[in-house]
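Under this note's numbering, think of the first position of the sequence shown as 1, with each following residue one higher.
Note that CB positions come from ideal geometry on N, CA and C, so glycine has one too.
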Amino acid sequence: MSSNSFDARSELTIDGQAYEIFRLDAVEGSARLPYSLKVLLENLLRNEDGRLVTAEQVRAVGSWDPAAEANAEIQYTPARVLMQDFTGVPCVVDLVAMRDAMSELGGDPKKINPLIPGELVIDHSVIADVFNVPGAFSINSEFEFQRNQERYQLLRWAQQSFNDFLVVPPDTGICHQVNLEYLARVVFTREHDGVVQAYPDTLVGTDSHTPMVNGLGVLGWGVGGIEAEAAMLGQPMSMLVPQVVGFKLTGELPEGTTATDLVLTVAELLRKTRVVGKFVDFFGPGVANVPLANRATLGNMSPEYGSTCAIFPIDAETLDYLRLTGRSEHQIKLVEAYAKEQGMWHDPNHTPDYSQVVELDLATVETSIAGPKRPQDRIPLRSAKRAVRGLLAGESQEVAVLAGGLDDAGDESFPASDPVAISSRIPRDEPPRTFQDSAGDDGVELEWPSNPAQVMLDGQSVTMDHGDVVIAAITSCTNTSNPSVMIGAGLLAKKAVERGLSSKPWVKTTLAPGSRVVTDYFDRAGLTPYLEKLGFDLVGYGCTTCIGNSGPLIPAISQAVTANDLNVSAVLSGNRNFEGRIHPEVKMNFLASPPLVIAYALAGSMHVDLLKDPLGTDSDGQPVYLKDIWPTTAEIKAVVNASLEAQMFTDGYADVYHGDDNWRGMHVPEGDMFAWSEESSYVRKPPYFDGMARESEPVQDIVGARVLALLGDSVTTDHISPAGSIKKSSPAGAYLLEIGVAQADFNSYGSRRGNHNVMIRGTFANIRLRNLLVPGVEGGFTRRSADGPVETIFDASNAYQAEGTPLVVIAGTDYGSGSSRDWAAKGTMLLGVKAVIAASFERIHRSNLIGMGVLPLQFKDGDTAESLGLTGMESYSVVGLAGTSPLPREVTVRIESDGGTRDIATTLRIDTPAEEAYYTNGGILQYVLRQLLDAQ
1 MSSNSFDARS
11 ELTIDGQAYE
21 IFRLDAVEGS
31 ARLPYSLKVL
41 LENLLRNEDG
51 RLVTAEQVRA
61 VGSWDPAAEA
71 NAEIQYTPAR
81 VLMQDFTGVP
91 CVVDLVAMRD
101 AMSELGGDPK
111 KINPLIPGEL
121 VIDHSVIADV
131 FNVPGAFSIN
141 SEFEFQRNQE
151 RYQLLRWAQQ
161 SFNDFLVVPP
171 DTGICHQVNL
181 EYLARVVFTR
191 EHDGVVQAYP
201 DTLVGTDSHT
211 PMVNGLGVLG
221 WGVGGIEAEA
231 AMLGQPMSML
241 VPQVVGFKLT
251 GELPEGTTAT
261 DLVLTVAELL
271 RKTRVVGKFV
281 DFFGPGVANV
291 PLANRATLGN
301 MSPEYGSTCA
311 IFPIDAETLD
321 YLRLTGRSEH
331 QIKLVEAYAK
341 EQGMWHDPNH
351 TPDYSQVVEL
361 DLATVETSIA
371 GPKRPQDRIP
381 LRSAKRAVRG
391 LLAGESQEVA
401 VLAGGLDDAG
411 DESFPASDPV
421 AISSRIPRDE
431 PPRTFQDSAG
441 DDGVELEWPS
451 NPAQVMLDGQ
461 SVTMDHGDVV
471 IAAITSCTNT
481 SNPSVMIGAG
491 LLAKKAVERG
501 LSSKPWVKTT
511 LAPGSRVVTD
521 YFDRAGLTPY
531 LEKLGFDLVG
541 YGCTTCIGNS
551 GPLIPAISQA
561 VTANDLNVSA
571 VLSGNRNFEG
581 RIHPEVKMNF
591 LASPPLVIAY
601 ALAGSMHVDL
611 LKDPLGTDSD
621 GQPVYLKDIW
631 PTTAEIKAVV
641 NASLEAQMFT
651 DGYADVYHGD
661 DNWRGMHVPE
671 GDMFAWSEES
681 SYVRKPPYFD
691 GMARESEPVQ
701 DIVGARVLAL
711 LGDSVTTDHI
721 SPAGSIKKSS
731 PAGAYLLEIG
741 VAQADFNSYG
751 SRRGNHNVMI
761 RGTFANIRLR
771 NLLVPGVEGG
781 FTRRSADGPV
791 ETIFDASNAY
801 QAEGTPLVVI
811 AGTDYGSGSS
821 RDWAAKGTML
831 LGVKAVIAAS
841 FERIHRSNLI
851 GMGVLPLQFK
861 DGDTAESLGL
871 TGMESYSVVG
881 LAGTSPLPRE
891 VTVRIESDGG
901 TRDIATTLRI
911 DTPAEEAYYT
921 NGGILQYVLR
931 QLLDAQ
């Protein structure tokens, strides 16, 4: 029950159904707030309990100072949690293990359920192994099940065993597109204390591109697994009230431009503006001219801007989209009435208070691509040929990638799509590279280092060279959620085939949309045969190429690229393009709209100027140019109107949880407890609750700890817990070989987050880690004495734990920046680390450490391990904890070495009562478990 200090409780009636609402106008200052902060304000009003959510927090949002760099801390409670399989599996593993612990402590295991809806979409595991053949989708689906059956059995069991937990099976869609088209409510309704409440739909998601649903007016952003688990278990999440950048839109997009061109322009602009950690709210008269699918594309790329979200307000376009996608008429009425009642309906003539305003005239957007390494490095299509040749000729496009910065976080998020979590202290990344189109307009061709290689393909000799396109992928929810760009691609394919054009034989062509509705409207419009004729057969419904699941290149092409060290390109309709991440053999990756992806497949090379050079010749020998086959806006609109209707969404999502024969045919044991398999290499029962007592133990001092790792500044969560490939020579690789997994089947750390045996061995195993205990050595190594042998961190941890020796990690500034990654905290705890002592922490990683029962201690200002002369060979004790309640703000670290003993003062970075409750219980999962036991 809300404290209702502001007398905000009221009622809204729709079609005779009464809903309890909490009125924003009860709080002074609410009318001037940006849309996104109104959502936060309502959240606090409704959840005010006087303990975790206080009246002071409500007033702090009402009196928000747009200019202030640091605003108040609040406790935010999302309405639901969205997950994908890579980041969602460990969340489910933890909930399943909690059921076991509940039973062992004498409780009812069925009490362990999400307390708010959890929705998981399996989309990260399909790989485009097979392409350009009929049945590619079915074959790739079979491969996917063979590789992932152990993980899928767990998720299928969870689907049938947990309340308020839904799983969208594999080969159905991408989580953000399914969220946009089906799961999102815009206004959420739920019974609470005997009454039905209506409130803004909000969510956190375990994927970086969760803000895609911001286009629908739904506030959501990406978080790590621990925050997602906490939210599902009813725990509010701590956050600072952000600065809000107002993005004013005016005008209309020019003929021939697409949503992709718009989002690449916005990415460039917002990177220049620097919006890391801020909210972005779109407003102004141009908002009405942005179709909802385009809004979703803009929201989707928030991680590439660095903003927490990029949200549009509710307006008539929102209602039209809800109607198009088959939402009920009652729900649409509720959304409209609620938004208008709460002052959340978009008024183009009202400008809320913003921390900063950025403007874009949509009429200035031009056809563009972005790359070859960063999504914010936009290149106008008219300059693309010149830009690529310049790159091949040696023009530098190198930029300093800051450890822990936004580019670093995006790069490290492959393939798991971990949400960005960047320390506010990290220096800003270099701004977008502005392409200077100063040369090439005089008709003189720029010279570049050609290295032609002859390749035999199907009995035909073709020539490959630097700059050729070897992957053309229509992929990613960023664009495949947008009917206009997808129909545009289909129409371009139709016109190309009718003019006798075909894709170049060295290009791997794939189509992987984010929902089945896309292929339905392609079929209905009669465009599927033309796409298939150009090689764009369906390969799967999932992320595929966008997260690096592009599968192998054409074998002969792969061989030629490797043998001749060719610098070749991928063109994809995705959202990230860091070097080596789309495919390890492809150095240049360009983001482009789906129609341009097809155009580059036809061209086969980045050397073709698509605005001037022909794509090929027709049956009469006449040159065919891009302008000849580029569909007009009117043509696209006519086909969209004729091919897309609400019934398609209603039918397409009617059996969204049903799955195919593989999914339904899996053997899933009955019962309230999961049957863990000792044979599984993907899913194992984690040891978090081993030896847990019914009552929490008193907090003790940490005595006689040794240093496992002595680290420098800007150690990222990817340094601590990598998500990428597993090396055969690593402890994790050795473990997998030992249990019978062939190296070819290792998969990635990201895919094996459900097996703690892999993840512990992967903790601090990044090949770029520099542990100062072993100078000059990179990777997961350490030593236990000054003259001792170098050994893996995992082996050293085992040796220390066998002796009963606690461990600490010592680090520099911005420890844990990069991405929000639960295993960076989980692995640290399981290695036996009791405390991390750092010069400063990234906020979310600090919170995650507490959530796993690890103590975060911060050196006093000016102190560092180096200034204090610490070698890491000393013995460390943390004193002043035992017997205290509440915990002290300052604790002493006692350092013992051959030279004697000395004490240093450190700040205990447990900042809220909730964090203290988590720590004193040994972690957030143990805290919630005891709370539920007490409630019984």
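CA-to-CA distance, residue j to residue i, given in whole angstroms
i	j	result
Pro-687	Val-92	14 Å
Ala-723	Ser-413	7 Å
Val-568	Leu-381	18 Å
Thr-617	Val-715	54 Å
Leu-736	Phe-794	15 Å
Ser-141	Met-301	28 Å
Asp-934	Glu-915	19 Å
Val-462	Asp-822	48 Å
Trp-221	Cys-543	18 Å
Ile-702	Tyr-918	17 Å
Gly-869	Ala-742	46 Å
Val-53	Val-893	33 Å
Ser-593	Ser-328	32 Å
Gln-858	Gly-225	24 Å
Asp-123	Cys-546	11 Å
Gly-440	Lys-508	Only weak support is given to the placement of Gly-440: the predicted model assigns it a pLDDT of 46, under 50, and the value that follows is read from those uncertain coordinates. Computed Cα separation, rounded: 30 Å.
Ala-472	Ile-379	18 Å
Residue range of the beta strand (DSSP E) that includes residue i
i	result
Ile-474	469-474
Cys-477	Careful: Cys-477 lies outside any beta strand (DSSP E), inside the alpha helix (DSSP H) at 477-480.
Val-878	875-879
Pro-856	855-859
Proximity test, Cβ basis, 8 Å: residue i and chain B
i	result
Gly-659	Among the chains of the structure shown, chain B does not appear; only one protein chain is present.
Range of the contiguous alpha helix (DSSP H) that encloses residue i
i	result
Asp-718	717-720
Pro-505	Note, Pro-505: premise wrong, no alpha helix (DSSP H); not H, not E.
Ala-288	Where Ala-288 is concerned, there is no enclosing alpha helix (DSSP H), given that its DSSP letter is neither H nor E.
Asn-757	756-762
Lys-272	259-273
Gln-75	Looking at the DSSP string, Gln-75 is not in any alpha helix (DSSP H); the run it does join, the beta strand (DSSP E), is 73-76.
Met-946	This structure does not reach residue 946, given that the chain is present from 1 up to 936, and the question cannot be answered.
Thr-562	555-564
Val-58	55-62
Cβ distance (whole Å) where residue i is taken to contact residue j below 8 Å
i	j	result
Arg-425	Asp-814	5 Å
Pro-921	Ser-696	For clarity, residue 921 is Asn in the given sequence; the question names Pro instead. Contact flag correct, Cβ pair sits at about 5 Å.
Pro-242	Thr-308	6 Å
Gln-177	Thr-480	7 Å
Arg-295	Gly-215	3 Å
Leu-270	Val-280	7 Å
His-346	Ile-314	6 Å
Ala-990	Ser-721	As shown, the chain starts at 1 and ends at 936. That puts residue 990 outside it, with no answer to give.
Bridge partner(s) assigned by DSSP for residue i
i	result
His-192	Val-195
Arg-378	Ala-370
Arg-902	Ile-895
Asn-589	Ala-570
Trp-221	Val-204
Ile-844	DSSP lists no partner for Ile-844.
Trp-345	Ile-314
Ala-705	Tyr-876
Lys-834	In DSSP, Lys-834 forms no bridge with anything.
Lys-278	Per DSSP, none; premise fails for Lys-278.
Asp-361	Thr-250
- Query: Is the stretch 74-89 touching the stretch 229-241, taking contact as three or more C-beta pairs under 8 Å?
  - Reply: The stretch 74-89 vs the stretch 229-241: in contact.
- Mind the definition here: the stretch 486-493 touches the stretch 150-165 only if three or more C-beta pairs lie below 8 Å; say whether that holds. By the Cβ criterion, the stretch 486-493 is not in contact with the stretch 150-165, since fewer than three pairs of Cβ atoms, one from each stretch, lie closer than 8 Å.
- Message: Pairs of beta-carbons, one from the stretch 238-254 and one from the stretch 328-335, closer than 8 Å: are there three or more?
- Response: Taking 8 Å as the limit for Cβ pairs, the verdict is that the stretch 328-335 does not touch the stretch 238-254.
- Query: Are the stretch 850-868 and the stretch 811-830 touching, with three or more C-beta to C-beta distances below 8 Å?
  - Reply: Touching, per the Cβ criterion.
- Message: Counting beta carbon pairs with one atom in the stretch 776-790 and one in the stretch 110-130, are three or more of them shorter than 8 Å?
- Response: The stretch 110-130 and the stretch 776-790 do not touch, with fewer than 3 CB-CB distances between them shorter than 8 Å.
- So does the stretch 166-181 actually touch the stretch 512-525, counting three or more Cβ pairs closer than 8 Å? By the Cβ criterion, the stretch 166-181 is in contact with the stretch 512-525, since at least three pairs of Cβ atoms, one from each stretch, lie closer than 8 Å.
- Item | the stretch 647-661 contacting the stretch 181-194, beta-carbon criterion three pairs below 8 Å | Touching, yes, given that three or more Cβ pairs across the two stretches are closer than 8 Å.
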